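Position 188 of the sequence shown, counting from 1, maps to 188 under the UniProt record's numbering, and the rest follow consecutively.
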Amino acid sequence: MTQAPTPAGFAHATPPVTATLIVTDDAGLETGDIRLGEIDAYFARPQGAGPFPVVLVVHEIFGVHEHIRDVVRRFAKAGYLAVAPELFQRQGDVRQLGEFDQIRPVVARVADEQIFADLDAALDWAVAHGGDAARVALNGFCWGGRIAWLYAARQPRLRAAVAWYGRLVGEATANQPRFPADVAAELQVPVLGLYGGRDSGIPLDTVAAFQAALRAAGDPSEIHVYPEAGHAFYADYRPNYHAASAQDGWQRTLAWFRRHGV
Numbered sequence: 001m002t003q004a005p006t007p008a009g010f011a012h013a014t015p016p017v018t019a020t021l022i023v024t025d026d027a028g029l030e031t032g033d034i035r036l037g038e039i040d041a042y043f044a045r046p047q048g049a050g051p052f053p054v055v056l057v058v059h060e061i062f063g064v065h066e067h068i069r070d071v072v073r074r075f076a077k078a079g080y081l082a083v084a085p086e087l088f089q090r091q092g093d094v095r096q097l098g099e100f101d102q103i104r105p106v107v108a109r110v111a112d113e114q115i116f117a118d119l120d121a122a123l124d125w126a127v128a129h130g131g132d133a134a135r136v137a138l139n140g141f142c143w144g145g146r147i148a149w150l151y152a153a154r155q156p157r158l159r160a161a162v163a164w165y166g167r168l169v170g171e172a173t174a175n176q177p178r179f180p181a182d183v184a185a186e187l188q189v190p191v192l193g194l195y196g197g198r199d200s201g202i203p204l205d206t207v208a209a210f211q212a213a214l215r216a217a218g219d220p221s222e223i224h225v226y227p228e229a230g231h232a233f234y235a236d237y238r239p240n241y242h243a244a245s246a247q248d249g250w251q252r253t254l255a256w257f258r259r260h261g262v
């Protein structure tokens, strides 16, 4: 992975793309856009027959824009068949919206049950196209970090998940009735949570309370807090990027998957 000039393909509402942007090429990979029923997805995998371990990649609030596609290729370079479904697509194309205030109403209309069904479809596609059904993981960022915890509480086909700075508590709605704090005792697979100590949107007291709930449930999931990092510290295209925390978090993610057989 090398630093590169700003490419096209980023969501309109993202901050100006920064010089810390990382671009991953597709040399040695098979990549492409696919259709999962009513929604699009992007995949990448090593060339060859496989079977390859599978990683479902759950995007941020900006959808499957160029950063998420790059992350998919990063996982493929590490030996995985990675798939990122466009999980807001039925409700709207958030990549074309220019303001957060335009994106939030779209996301609010997306029901968790719809998300889970689309992730199931992505998993089925991956297994049918060279993925190993016995080695499946999920990686989610920000909005997708919340989904990572929730999906880990309902999908036993996973072997592990990683949640990057996903909200742990919130106001329940008809479409989003539960948060990770509600499922601490229901997780079916171990989750690694990666959080920023300077994340103003996810207070550390909620992280500590969630850790205590995991311990009380005897759950093997773990949470690591980076004291110097804020929110979205892995997003190398944004000013939030904290290189040391991001690089360590990536290595922890790969090690977590390996530790749990993915």
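Where is the CB? At the ideal position from N, CA and C, for every residue including glycine.
Quick caveat, the model's predicted, so the values are computed rather than measured.
Restricting attention to PRO239, GLY144, ALA128, the CA atom closest to the CA of PHE116 is found in GLY144. Proximity to ARG154 across ASP120, GLY131, TRP125 peaks at ASP120, based on C-alpha coordinates. The continuous stretches of beta strand (DSSP E) do not include ALA13, and DSSP gives it neither H nor E. Each residue's CA atom was taken as its position, placing ILE223 and GLN89 some 31 angstroms apart. Judged by beta-carbon spacing, PHE100 lies beyond the 8 angstroms limit of HIS65, meaning their Cβ atoms are not closer than that value. Secondary structure of ASP199 (DSSP, three-state): coil. Assignment of beta-bridge partners to HIS224 by DSSP yields LEU194.
Pairing VAL136 with ARG159 gives a Cβ-Cβ distance under 8 angstroms. Using a Cβ distance threshold of 8 angstroms, ALA148 and ALA133 do not count as a contacting pair. With a cutoff of 8 angstroms on beta-carbon distance, PRO227 and GLY197 are scored as near each other.
Using a Cβ distance threshold of 8 angstroms, VAL83 and LEU56 count as a contacting pair. Sixteen is the threshold: since fewer than 16 other Cβ atoms of the shown chains lie within 10 Å of the Cβ of THR173, the residue is exposed. In the structure shown, ARG157 adopts coil according to DSSP, grouped into three states.
ASP112 is positioned such that its CB atom lies closer than 8 angstroms to that of LEU150. The C-alpha of ASP199 lies about 19 angstroms from the C-alpha of ASN139. Secondary structure of GLU66 (DSSP, three-state): helix. Counting only residues of its own chain and dropping the five nearest sequence neighbours on each side, VAL106 has a CB closer than 8 angstroms to the CB of PHE88, GLN91, GLY92, VAL94, LEU97.
DSSP, read as helix, strand or coil, puts GLY145 in helix.
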